[in-house]
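Q:
Residue numbers (my numbering): 1340 to 1967.
#1: Near residue 1784, which residues of its chain fall below 8 Å by C-beta distance, leaving aside the five closest residues on each side in sequence?
#2: In the DSSP assignment, the alpha helix (DSSP H) including residue 1678 goes from what residue to what residue?
#3: Helix, strand or coil: how does DSSP classify residue 1639 here?
#4: Go to residue 1762, then tell me how far its alpha helix (DSSP H) extends in each direction, as first and last residue.
#5: Could you name each continuous beta strand (DSSP E) segment of 3 residues or more that falls completely within the region 1737-1792, going from the start of the chain to the end?
#6: Quick one: what does DSSP say residue 1930 is sitting in, helix, strand or coil?
#7: Report buried or exposed for residue 1553, applying the criterion of at least 16 other Cβ atoms within 10 angstroms of its Cβ.
#8: Rounded to whole angstroms, what's the CA-CA distance from residue 1676 to residue 1683? Just pull it up for me.
#9: Pick out whichever of 1893, 1722, 1881 and 1875 has its Cα sitting closest to the Cα of residue 1863.
#10: Can you name the start and end residues of the beta strand (DSSP E) that residue 1361 belongs to?
#11: Taking only runs of the beta strand (DSSP E) that begin and end inside the region 1839-1868, which ones reach a length of at least 3 residues, in chain order?
#12: Give me the Cα-Cα distance between residue 1471 and residue 1449, rounded to the nearest whole angstrom.
#13: Can you look up residue 1816 in the DSSP assignment and give me helix, strand or coil?
#14: With 16 as the cutoff for other CB atoms within 10 Å, does residue 1631 come out buried or exposed?
#15: Just to check my reading of the structure: residue 1474 and residue 1447 have Cβ atoms closer than 8 Å, yes? What is that Cβ distance to the nearest angstrom?
#16: To the nearest angstrom, how far is it from the Cα of residue 1745 to the Cα of residue 1428?
#17: With a CB to CB cut of under 7 Å and the five nearest residues on each side skipped, what residues in its chain are close to residue 1522?
#18: Give a yes or no on whether the C-beta atoms belonging to residue 1714 and residue 1877 are separated by under 9 Å.
#19: Tell me, to the nearest whole angstrom, how far the beta carbon of residue 1900 is from that of residue 1926; I am working on the premise that it is less than 8 Å.
#20: Just how far apart, CA to CA, sit residue 1284 and residue 1640?
#21: Pull up the distance between the alpha-carbon of residue 1517 and that of residue 1464, whole angstroms please.
#22: Ignoring anything shorter than 4 residues or poking outside the region 1479-1535, list the alpha helix (DSSP H) runs there in chain order.
#23: Please classify residue 1367 as buried or exposed, where buried requires at least 16 neighbouring CB atoms within 10 angstroms.
#24: At a cut of 8 Å, does the region 1864-1873 reach the region 1900-1919 through at least three beta carbon pairs?
#25: Out of curiosity, what's the CA-to-CA distance linking residue 1895 and residue 1811?
#26: What are the partner residues of residue 1415, as DSSP defines its beta bridges?
#27: Would you decide whether residue 1734 is buried or exposed? Buried here means 16 or more other CB atoms lie within 10 Å of its CB.
#28: Excluding the 5 residues flanking residue 1319 on each side, which residues of the same chain have their C-beta closer than 7 Å to its C-beta?
#29: Looking only at its chain, what residues have a beta carbon closer than 6 Å to the beta carbon of residue 1545, apart from the 5 residues adjacent to it on each side?
#30: Check for me: the alpha helix (DSSP H) holding residue 1568 runs from which residue to which?
#31: For the putative contact between residue 1942 and residue 1698, defined by C-beta atoms under 8 Å, what is the C-beta separation to the nearest angstrom?
#32: Over what stretch of residues does the alpha helix (DSSP H) that includes residue 1942 continue unbroken?
#33: Excluding the 5 residues preceding and the 5 following residue 1605 in the sequence, name in chain order all residues of the same chain whose CB lies nearer than 8 Å to its CB.
#34: Which whole-angstrom value is the C-beta distance of residue 1816 and residue 1840, which I expect to be below 8 Å?
#35: In terms of alpha-carbon separation, which member of 1496, 1947 and 1879 lies closest to residue 1858?
#36: Which two residues bound the contiguous beta strand (DSSP E) that contains residue 1368?
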């Protein structure tokens, strides 16, 4: 999807080649609590630590954060907490950072050095510095393994290893050499690490600090040094954050000023102490300190201007932004450092191409087995459906729809139409309503469902019905189905009442059908047979055998038919006989499971179609089928 997460890239970097599930669990048998193999020892220890934290901090809302700080497992952090960390610019604290590993390695170095000096026999066998270096390296490796050995952890461990080798051999190294060696080791051992944002953010932050502080001369007061460091990181990371996440925290310097010392020097050490020594008190103290930190972060998060959000900048704008950043971070005395801001102008001011009046841009998002369509006119945006809810922590609204809208520079949804009350169409609705302002909500949802949506309390809400119509920027919208009378018919399923919307621009028309089936199609042939004619059809009910009757296809006569599907979905959509009917109608077929998201530009008396998977093909993307 445009501006979305590349799952295949992530799976490649994680060495995942296939996924499956067990349907029949009746024959499953537990063979033992643990398989004693060297490769499993670390995972076994990680699981023990996880259970320890869960036991001591049972039912605590922030226990997942403690787990992330101790062992690098952030799966238990809630979506709301993640949003808060992103808005306050403190999400980096939820990974095992260089500060955590360096702190533990430093403690081991100092402790062994203190003891070693008091034993003449030990000193004669091995110099104190070498013994302390060895102890620090062992502790750093042990903690890095327990923490999951993610890219930021690898970067820190390899840098510490290079430093340790230099200390052992008595050589002098500069930070740029250490960083270069660590980067080389990471890339050699894991070439696909470069696809992870953490790779660029981790190495980028260290490189920026090395660049900004390299010209510092003499001693600097600790407070001034802290301010300079925070300034360098804030300005230096801005280009990467805008390119990767389309947002940057405005309040990040304030939030990090108290969160970094609190998390790094109080919460994390106490959590580690309690987790590995099986002492409850440090874990409870750690949690109390974390509660104070989260209270302050939540207060900052509630500020209306906490985050700067914008469109996804073109990749080429990263170069002038980086040059501008480097100019701004030059040492005091260089003239006109403020001119570095000019380098950010292309990234901030060059926006995605917008439709002209009478034109529209339609994006059919790839949400798996479900539907979500964004219709953009010159000054308005309509969202039709929001895709499925995947699990308690994730849905298409937050993972796919909102990132796309923000990447397009859309800050408000003028109209939100939810076709009907099926999870694969409405599952992401609450997230959309939570994360972005919405003008009005039009749907066929039952009243009790809408009444239970807290986020929709202040919205203008209405039921979709045949006859509704409006015009945005010379683009006409008309609801063709259902009738108002159908809402009182309890025998009609939710699929029957799907909102059917026709959108007509000066260059072509689009028909959105939700999950209507043959009974609704037959009623449409009676009530709107002429209006059904459209250039592009979103195929009803994902190509199920209960829809797409021959008469309906003939009435629509689509030049392009789009199937929204999950790859190898359990319903085996689309059905072969349905595909055959559209092929017989000489319609060009697009499938989201094969081609990914589909962008359609209705402009200049033409419809330009772009398959996201074809346009932005990467070598790690599997090829499912040829482009139509």
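Quick reminder that beta carbons are idealized off the backbone N, C-alpha and C, glycines included.
A: Let's see:
#1: 1757, 1759, 1760 and 1765
#2: Element bounds for residue 1678: n/a, residue is neither H nor E.
#3: helix
#4: 1762-1765
#5: 1752-1757 and 1777-1782
#6: strand
#7: exposed
#8: 13 Å
#9: 1893
#10: Element bounds for residue 1361: n/a, residue is neither H nor E.
#11: 1839-1844 and 1847-1851
#12: 7 Å
#13: strand
#14: exposed
#15: 5 Å
#16: 18 Å
#17: 1542
#18: no
#19: 4 Å
#20: Beyond the ends of the chain as shown, which are 1340 and 1967, falls residue 1284; an answer cannot be given.
#21: 29 Å
#22: 1490-1508 and 1514-1528
#23: exposed
#24: no
#25: 23 Å
#26: Bridge partners of residue 1415: none, in fact.
#27: buried
#28: Residue 1319 is absent from the model: the chain starts at 1340 and stops at 1967.
#29: 1518
#30: 1561-1584
#31: 4 Å
#32: Counting along the chain, residue 1942 falls outside any alpha helix (DSSP H), though it belongs to the beta strand (DSSP E) covering 1937-1942.
#33: 1625 and 1628
#34: 6 Å
#35: 1879
#36: No beta strand (DSSP E) holds residue 1368; DSSP gives it neither H nor E.
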